[in-house]
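*Asks:*
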Amino acid sequence: MRELTRTLLETIRRKTGADVDMSDGIATWAWRWAAMLLNRCNIRRDGATPYAHLRGRPCRMDMLPFGESVLFLRRNPCTNKVDTRFSSGARLGNARSSNEYWAGTADGVTLTSTVKSVAAASAWDGAALKAIKVKVEE
1 MRELTRTLLE TIRRKTGADV DMSDGIATWA WRWAAMLLNR CNIRRDGATP YAHLRGRPCR
61 MDMLPFGESV LFLRRNPCTN KVDTRFSSGA RLGNARSSNE YWAGTADGVT LTSTVKSVAA
121 ASAWDGAALK AIKVKVEE
């Protein structure tokens, strides 16, 4: 798991040029995502993943890049119909027990049901990734 976490953080370093280290909030989420990847995607000797062995079916979750910039649907509905319902943040992984995604911003981390990828030119923002806080918004 250590090697996979290191690979995730190195991918962020190369794509953004940011100096991401283990004290940044994104590192905590890299550990979590690495564990989830190993449980959902690592094929064992019997030909099944740990997830398939436990649930009896293969994992069908979307595999979007960790740390990539996304637009996510905010959980609190807008009171003004003109306001945008989406916020920008970074994709931090999937929820364990639902089809929701974790999205991180400088204000914290939140679960969302909808994420949309952004243009390739702005898909990786090192400053935004370094600013991600570990706390989860209620």
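Our numbering applies: residue 1 is where the sequence shown begins, and numbers increase by one. By construction, the Cβ of each residue, glycine as well, lies at the ideal position given by its N, Cα and C atoms. Computed from a prediction, not measured in an experiment: that's the story for all the values here.
In three-state DSSP terms, what is residue 104?
*Replies:* Working through the sequence shown from its first residue, we reach residue 104 at position 104. Three-state result, residue 104: strand.
*Asks:* Measure the beta-carbon distance from residue 85 to residue 74 and round it to whole angstroms, keeping in mind my assumption that it falls under 8 Å.
*Replies:* As a working note, residue 85 is residue 85 in the sequence shown. As a working note, residue 74 is residue 74 in the sequence shown. Right, the Cβ-Cβ distance comes to about 6 Å (below 8 Å), so this counts as a contact.
*Asks:* Return the Cβ separation of residue 90 and residue 67 in integer angstroms, given the expectation that the two are a contact with Cβ distance under 8 Å.
*Replies:* Within the sequence shown, residue 90 is the residue found at index 90, counting from 1. Within the sequence shown, residue 67 is the residue found at index 67, counting from 1. Going by Cβ atoms, the distance from residue 90 to residue 67 rounds to 5 Å, so yes, they are a contact pair.
*Asks:* Which stretch, first to last residue, makes up the alpha helix (DSSP H) that contains residue 116?
*Replies:* Within the sequence shown, the letter at position 116 stands for residue 116. No alpha helix (DSSP H) contains residue 116, which is instead part of the beta strand (DSSP E) from 115 to 117.
*Asks:* Go ahead and pull the three-state DSSP assignment for residue 94.
*Replies:* Taking the sequence shown and counting its residues from 1, one reaches residue 94 at position 94. In this structure, residue 94 counts as strand in the three-state DSSP scheme.
*Asks:* Using DSSP's beta-bridge definition, name the partner residues of residue 88.
*Replies:* As a working mapping, residue 88 is identified with position 88 in the sequence shown. Answer is 71.
*Asks:* Considering only their Cβ atoms, is the gap separating residue 95 from residue 132 smaller than 8 Å?
*Replies:* Against the sequence shown, residue 132 aligns to sequence position 132. Against the sequence shown, residue 95 aligns to sequence position 95. Not in contact: residue 132 and residue 95 (Cβ atoms no closer than 8 Å).
*Asks:* Find the nearest neighbour of residue 38 within the set 30, 7, 50, 27, judged by alpha-carbon distance.
*Replies:* Walking along the sequence shown from the start, residue 38 turns up at place 38. Cα-wise, what sits closest to residue 38 is 50.
*Asks:* Suppose contacts are defined by Cβ-Cβ distances below 8 Å. Is residue 31 in contact with residue 92 by that definition?
*Replies:* Translated into the one-based positions of the sequence shown, residue 31 becomes position 31. Translated into the one-based positions of the sequence shown, residue 92 becomes position 92. The answer is no: Cβ separation not under 8 Å.
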